[in-house]
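Report on the structure given below.
There are 2 protein chains.
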Amino acid sequence: MVDLGSRKRITIHDVAAAAGVSISTASKALNNNGRMGDETRERVKRVASDIGFRPNALARGLLSKRSFTIGLLTNDTYGRFTLPVMAGVSEALVDHGVSVFLCAIEDDPALGQNHVEAMLDKQVDGIIATGKRIDRSLPVDLSNLPVPVVYAFTEGTRDSVTFRSDDAHGATLAVEWLQQIGRRRIVHITGPKDFFSVRERADAYCTATGDTEPVLYGVWSESWGHDAIDRLWKRSGDRPDALFCGNDQIARGAVDALRERGIKVPEEVAVVGFDNWEIVAAQTRPPLTTVDMELKELGRQAGLTVLALAEGRPVKPGVRKLPCRLVVRQSCGGKPSED
Amino acid sequence: MVDLGSRKRITIHDVAAAAGVSISTASKALNNNGRMGDETRERVKRVASDIGFRPNALARGLLSKRSFTIGLLTNDTYGRFTLPVMAGVSEALVDHGVSVFLCAIEDDPALGQNHVEAMLDKQVDGIIATGKRIDRSLPVDLSNLPVPVVYAFTEGTRDSVTFRSDDAHGATLAVEWLQQIGRRRIVHITGPKDFFSVRERADAYCTATGDTEPVLYGVWSESWGHDAIDRLWKRSGDRPDALFCGNDQIARGAVDALRERGIKVPEEVAVVGFDNWEIVAAQTRPPLTTVDMELKELGRQAGLTVLALAEGRPVKPGVRKLPCRLVVRQSCGGKPSED
DNA sequence: AAATTCAGAGAAAACGTTTTCTCATTTGAC
DNA sequence: GTCAAATGAGAAAACGTTTTCTCTGAATTT
Numbered sequence: 003m004v005d006l007g008s009r010k011r012i013t014i015h016d017v018a019a020a021a022g023v024s025i026s027t028a029s030k031a032l033n034n035n036g037r038m039g040d041e042t043r044e045r046v047k048r049v050a051s052d053i054g055f056r057p058n059a060l061a062r063g064l065l066s067k068r069s070f071t072i073g074l075l076t077n078d079t080y081g082r083f084t085l086p087v088m089a090g091v092s093e094a095l096v097d098h099g100v101s102v103f104l105c106a107i108e109d110d111p112a113l114g115q116n117h118v119e120a121m122l123d124k125q126v127d128g129i130i131a132t133g134k135r136i137d138r139s140l141p142v143d144l145s146n147l148p149v150p151v152v153y154a155f156t157e158g159t160r161d162s163v164t165f166r167s168d169d170a171h172g173a174t175l176a177v178e179w180l181q182q183i184g185r186r187r188i189v190h191i192t193g194p195k196d197f198f199s200v201r202e203r204a205d206a207y208c209t210a211t212g213d214t215e216p217v218l219y220g221v222w223s224e225s226w227g228h229d230a231i232d233r234l235w236k237r238s239g240d241r242p243d244a245l246f247c248g249n250d251q252i253a254r255g256a257v258d259a260l261r262e263r264g265i266k267v268p269e270e271v272a273v274v275g276f277d278n279w280e281i282v283a284a285q286t287r288p289p290l291t292t293v294d295m296e297l298k299e300l301g302r303q304a305g306l307t308v309l310a311l312a313e314g315r316p317v318k319p320g321v322r323k324l325p326c327r328l329v330v331r332q333s334c335g336g337k338p339s340e341d
Numbered sequence: 003m004v005d006l007g008s009r010k011r012i013t014i015h016d017v018a019a020a021a022g023v024s025i026s027t028a029s030k031a032l033n034n035n036g037r038m039g040d041e042t043r044e045r046v047k048r049v050a051s052d053i054g055f056r057p058n059a060l061a062r063g064l065l066s067k068r069s070f071t072i073g074l075l076t077n078d079t080y081g082r083f084t085l086p087v088m089a090g091v092s093e094a095l096v097d098h099g100v101s102v103f104l105c106a107i108e109d110d111p112a113l114g115q116n117h118v119e120a121m122l123d124k125q126v127d128g129i130i131a132t133g134k135r136i137d138r139s140l141p142v143d144l145s146n147l148p149v150p151v152v153y154a155f156t157e158g159t160r161d162s163v164t165f166r167s168d169d170a171h172g173a174t175l176a177v178e179w180l181q182q183i184g185r186r187r188i189v190h191i192t193g194p195k196d197f198f199s200v201r202e203r204a205d206a207y208c209t210a211t212g213d214t215e216p217v218l219y220g221v222w223s224e225s226w227g228h229d230a231i232d233r234l235w236k237r238s239g240d241r242p243d244a245l246f247c248g249n250d251q252i253a254r255g256a257v258d259a260l261r262e263r264g265i266k267v268p269e270e271v272a273v274v275g276f277d278n279w280e281i282v283a284a285q286t287r288p289p290l291t292t293v294d295m296e297l298k299e300l301g302r303q304a305g306l307t308v309l310a311l312a313e314g315r316p317v318k319p320g321v322r323k324l325p326c327r328l329v330v331r332q333s334c335g336g337k338p339s340e341d
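Heads up: the sequence lines are chains A and B, in that order. Per my numbering, the first sequence starts with residue 3, numbered consecutively. Per my numbering, the second sequence starts with residue 3, numbered consecutively.
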């Protein structure tokens with residue numbers, strides 16, 4: 003059988019007893035408030051640390067109405083977007099002693115409701131909602147909760163605080179990079195038009211290229227990238243000398259298709275992806291230059307914001323767009339390996 | 003500014019007042035214990051539900067010493083293994099009202115210690131440790147904690163409960179499948195020999211093939227799969243008619259290399275991967291037949307086990323190996339598309 | 001009719017903290 | 001040498017539950 007040592011937990015009573023003071027004095031000593039002699043304060047602190055006292059967060063939370071706990075709600079099963087966001091949230095909050103409940107609710111409203119209620123019962127200080135696309139909301143209503151809610155990479159309610167990537171900026175980065183290395187016939191191969199991000203990136207692409215270069219809408223898969231190349235090379239007229247792809251999977255499919263046709267990347271066609279999904283981008287041959295949405299930073303800011311709200315600090319509602327970053331690998335030439 | 007409606011939270015005092023009973027009676031009514039008239043009990047319950055009462059888990063936990071909260075500790079940044087495990091844990095525990103703290107500690111002992119202490123302060127009922135390989139332990143000592151610890155897909159301490167996949171079983175499944183479809187010259191291309199899983203799979207492969215067919219050790223990347231094919235096809239003697247690869251990335255690299263050489267998969271060479279990492283396995287052309295380690299089920303069992311321990315139910319220590327499952331796609335012929 | 005059981009319900013303690021209040025003693029000012 | 005202020009520390013209430021104990025009547029038994 004598994005032994006827990008059945009160690010009794012050490013409470014402030016033990017500290018008080020060991021230091022020969024009252025519980026209230028012990029508490030005040032440890033929290034650096036109240037009035038007492040320096041010697042007493044130091045002695046209490048030393049004793050507490052010696053016997054390994056750690057205050058019970060449940061008891062503390064009961065009184066302070068702060069549980070130092072927040073919930074991260076997501077419907078992104080794959081974790082493609084959630085993991086970096088989660089990493090950022092956690093990183094920002096661990097220093098404040100805040101732990102994070104992760105709740106994956108798929109697209110199940112009942113499950114979502116379940117998780118939200120469980121979190122509220124546990125008195126979370128706030129909730130961060132995140133998802134897999136910025137123009138869809140989670141299948142659960144978070145609009146009248148007794149705790150602050152911040153949206154990150156998912157659609158929020160009016161008057162809420164929402165963080166998202168600036169996809170237009172990312173697309174502009176990509177296109178301008180391709181133009182800088184001298185490419186002029188840039189084609190945009192991307193996902194389904196009903197994604198807001200897709201339209202936003204396509205618009206930025208059109209603005210940056212100056213004319214309405216062809217935009218090929220499809221799905222988010224490698225095989226669409228592959229097919230798109232077939233389609234482009236089948237038609238007459240000038241062939242592109244660069245591709246800006248809507249995500250790394252499409253880009254990978256396109257790069258593979260080009261290689262199969264004996265077309266050199268990046269010499270004949272330069273390729274830029276989107277997402278910086280390491281597992282795809284770094285394993286493509288050649289590794290993909292791609293746009294990173296800085297989801298970790300997004301998570302960090304969402305974390306700090308929900309903390310601010312929980313502490314009653316005022317935060318202006320609205321949508322905050324965070325800039326993207328171009329990660330240069332070898333699919334455009336330019337800089338050599340960076341990994 | 004963001005408005006929280008500053009809704010006062012409803013306590014059992016409100017329920018008692020609204021129902022015209024004492025707090026103790028209200029509590030007993032809601033928990034179906036104590037003695038009182040049926041009418042009283044029903045009235046309290048109705049009132050509670052009407053005014054939307056939900057008990058404060060902090061207060062409850064303070065008394066019962068159960069927080070209905072567990073921690074999941076991982077050093078698998080990518081989430082490749084953690085996400086399915088987490089999904090299983092969460093799925094198994096949500097019905098019991100248990101929420102899960104996810105703590106990604108990378109390989110940083112200080113960060114790990116931080117997170118563990120934060121969780122203990124919050125009185126978690128137990129901790130599940132998980133990681134990225136079964137023969138390494140987390141960079142933090144979990145052996146003398148006041149709460150139960152269960153290990154899942156990471157190395158545990160002596161006398162602990164550890165769940166892991168049965169890699170020998172998985173490898174046997176793969177090889178036997180290849181033999182069933184008539185392949186006789188099966189080569190095993192796999193990862194670094196210092197991984198315990200690698201040795202275990204290789205041993206099972208040797209046992210199943212009956213002789214010491216060649217095992218090619220390398221790294222966990224597509225390019226190694228690619229290189230391995232180059233090496234195999236450069237050397238003299240019989241060419242393999244099947245490959246059993248140590249993970250899906252290697253398998254994908256191998257499949258790509260075969261295609262580039264004009265060798266048909268699965269007609270000339272059948273390929274089986276390992277991991278069933280959707281993003282790799284399903285996007286390979288042809289999609290990979292691969293071994294799934296059933297990490298979600300592993301997580302589910304780990305969750306139920308830590309719950310049992312938290313409730314004081316006895317659990318035998320030891321390593322539990324869970325069977326794998328072969329996911330048939332098209333890289334071996336056999337069944338047609340299943341996705 | 002007195003003694004016993006039992007149903008129904010409330011009072012109070014407990015969980016581990018923090019915080020406000022109170023009290024006794026010492027210090028400083030006149 | 002008296003009085004006000006400051007200092008050091010403890011008592012007690014509070015947070016929202018659950019649980020044990022106690023109390024009051026009424027029903028049942030002798």
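Here a beta-carbon is modelled for each residue, glycine too, at the ideal position from N, C-alpha and C. Note that the coordinates shown come from a computational prediction; the quantities given were computed from them, not determined experimentally.
Taking only beta-carbon atoms, is PRO288(B) less than 8 angstroms away from chain A? no
Between PHE165(B) and chain A, is there a C-beta pair that is closer than 8 angstroms? no
Could you give the distance in angstroms between the alpha-carbon of LEU122(A) and the alpha-carbon of ALA19(A)? C-alpha of LEU122(A) to C-alpha of ALA19(A): approximately 36 angstroms in a straight line.
Hey, would you say VAL274(A) sits closer than 8 angstroms to ALA176(A), going by beta carbons? Yes, Cβ-Cβ distance for VAL274(A) and ALA176(A) is below 8 angstroms.
Within its chain, find whatever has a CB closer than 8 angstroms to the CB of GLU224(A); leave out the 5 residues flanking it on each side and keep chain order. Within its own chain, the residues whose Cβ lies closer than 8 angstroms to the Cβ of GLU224(A), once the five positions on either side in sequence are excluded, are GLN251, ILE252, ARG254, GLY255 and ASP258, listed in chain order.
Between the Cα of ARG68(B) and the Cα atoms of LEU75(B), LEU60(B) and GLY133(B), which residue gives the shortest distance? LEU60(B)
CB contact flag (CYS326(A), HIS117(A), <8 angstroms): no
Please state the DSSP three-state secondary structure of TYR153(B). strand
Rounded C-alpha distance that separates THR42(B) from LEU65(B): 25 angstroms
Could you check whether GLY301(B) and ALA154(B) sit closer than 8 angstroms to each other, using their CB atoms as the reference points? yes
Got a sec: is the Cβ-Cβ distance from ASP110(A) to anything in chain B below 8 angstroms? no
State the Cα-Cα distance for the pair GLY13(A) and PRO111(A), rounded to the nearest angstrom. The residue you asked about is not Gly; residue 13(A) is Thr in the sequence shown. Going from the Cα of THR13(A) to the Cα of PRO111(A) covers about 41 angstroms.
Members of the stretch 110 to 130 of chain B that neighbour chain A once the beta carbon cut-off is set at 8 angstroms: Listed by position along the chain: LEU113, ASN116, HIS117, GLU119, ALA120, MET121, LEU122, ASP123, LYS124 and GLN125.
Could you check if VAL330(A) is buried or exposed, using at least 16 other CB atoms within 10 Å of its CB as the buried criterion? buried
Assumed close pair LEU388(B), VAL317(B) - CB separation to whole angstroms, cut-off 8 angstroms: Since the first residue shown for chain B is 3 and the last is 341, residue 388(B) is missing from the structure and cannot be characterised.
Pull up the distance between the alpha-carbon of GLU119(B) and that of SER101(B), whole angstroms please. Going by the C-alpha atoms only, they are around 18 angstroms apart.
Is there a Cβ of chain A sitting closer than 8 angstroms to that of PRO194(B), yes or no? no
Taking the CB atoms as reference points, tell me whether ALA106(B) and SER333(A) lie closer together than 8 angstroms. no
Between LYS134(B) and the rest of its own chain, which residues show a CB-CB distance below 6 angstroms, the 5 nearest in sequence each way excluded? The answer, listed in chain order, is ASP78 and PHE83.
List, in chain order, every chain A residue whose beta-carbon is nearer than 8 angstroms to that of ALA31(B). Chain A residues near ALA31(B): none, gap ~19 angstroms exceeds 8 angstroms.
Under a Cβ-count criterion, where at least 16 other Cβ atoms within 10 Å of its own Cβ denotes burial, should PRO194(B) be classed as buried or exposed? exposed
I'd like to know if ALA283(B) contacts chain A, where contact means its C-beta is closer than 8 angstroms to some C-beta of that chain. no
Starting from GLY275(B) and walking both ways along the beta strand (DSSP E), at which residues does that stretch end? Per DSSP, the unbroken beta strand (DSSP E) holding GLY275(B) starts and ends at 272 to 276.
Could you compute how far the alpha carbon of HIS98(A) sits from the alpha carbon of TRP222(A)? 38 angstroms
Contact criterion: CB-CB distance below 8 angstroms. Does GLY305(B) meet it with respect to chain A? no
What residues in the stretch 47 to 59 of chain A bring their beta carbon closer than 9 angstroms to a beta carbon of chain B? ARG56, PRO57, ASN58 and ALA59
8 angstroms Cβ cutoff met for VAL217(B) and HIS190(B): yes
Identify the continuous alpha helix (DSSP H) that holds VAL100(A) and give its terminal residues. First-last for VAL100(A): undefined, no H or E at that position.
For the candidate residues GLY264(B), CYS247(B) and ASN58(B), whose alpha-carbon lies nearest to that of LEU290(B)? CYS247(B)
Test: GLU340(A) CB closer than 8 angstroms to a CB of chain B: Here GLU340(A) scores only 40 on pLDDT, less than 50, and its place in the model should not be relied on; the value that follows carries that caveat. Closer than 8 angstroms: no.
Identify the continuous alpha helix (DSSP H) that holds ASP123(B) and give its terminal residues. 111 to 123
Which runs of the alpha helix (DSSP H), 4 residues or longer, sit entirely within the stretch 186 to 264 of chain A? 198 to 211, 224 to 236 and 250 to 262
Can you tell me which residues form a DSSP beta bridge with LEU75(B)? DSSP output for LEU75(B) lists CYS105(B) and ALA131(B) as bridge partner(s).
Does DSSP put VAL293(B) in a helix, a strand or coil? Correct three-state label for VAL293(B): strand.
Among the residues of its own chain, which have a CB less than 8 angstroms from the CB of PRO148(B), if the five just before and after it don't count? LEU122
At what residue ranges does the stretch 298 to 334 of chain B contain a whole run of the beta strand (DSSP E), taking only runs of 3 or more? 320 to 324 and 327 to 329
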